[in-house]
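Colleague: Before we start, here is the structure in question, set down as structure tokens.
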Amino acid sequence: MWREAGASYLFLSPTLFVLLLFIIGPIWFAIFLAFHKVQLLGMTLPLARPALAAQAIFVFMGSWNDFMRPLIILSDPQLFTLPLGLNSFKG
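The sequence shown maps to residues 312 to 402 in my numbering.
Here you go:
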């Protein structure tokens with residue numbers, strides 16, 4: 312399941328929060344980190360929402376286009392996923 316969330320996402324998320332640090336400012340970031348962790352999440356998570364949505368789309372597309380796992384796990388052709396079922400119609 313997590314194969315689609317590869318190394319690129321491990322690189323993108325910390326980079327995003329480092330960029331948010333430059334947007335917010337290092338002094339404010341340190342103050343919020345030390346005293347108001349809830350407010351820090353309330354400020355950084357809305358700013359990170361587009362990047363997290365893009366990651367969710369890429370993970371969904373990776374799992375949607377996965378042929379090998381359903382082919383190995385599912386033995387009944389009635390349980391095949393849509394891409395796998397459409398691939399079985401190819402001549």
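Backbone N, C-alpha and C define an ideal beta-carbon position, used for all residues, glycine too.
1. T355 by DSSP, collapsed to three states: which one?
2. Which of the three DSSP states is assigned to F391 in this structure?
3. Just the Cα atoms here: how many angstroms apart are R360 and S374?
4. Rounded to whole angstroms, what is the Cα-Cα separation between L395 and S386?
5. For T355, tell me which candidate among I368, L330, F369 has the shortest Cα-Cα distance.
6. Please report the straight-line C-alpha distance between W313 and Q366, rounded to a whole angstrom.
Modeller: So, to answer that:
1. Position 44 of the sequence shown, counted from the first residue, corresponds to residue 355. Reduced to three states, the DSSP call for T355 is helix.
2. As a first step, residue 391 must be located in the sequence shown, where it is residue number 80. Coil at F391, not helix or strand.
3. Taking the first residue of the sequence shown as 1, we reach residue 360 at position 49. Taking the first residue of the sequence shown as 1, we reach residue 374 at position 63. It is roughly 21 Å from the alpha-carbon of R360 to the alpha-carbon of S374.
4. Residue 395 sits at position 84 when you count from the first residue of the sequence shown. Residue 386 sits at position 75 when you count from the first residue of the sequence shown. If you draw a straight line from the Cα of L395 to the Cα of S386, it is about 12 Å long.
5. As a position in the sequence shown, residue 355 is number 44, starting the count at 1. Sorting I368, L330, F369 by C-alpha distance to the C-alpha of T355 places L330 at the top.
6. The residue you call residue 313 lines up with position 2 of the sequence shown. The residue you call residue 366 lines up with position 55 of the sequence shown. Legend: pLDDT at W313 = 48, less than 50; position of this residue unreliable, value from coordinates given subsequently. Approximately 12 Å between the Cα atoms of the pair.
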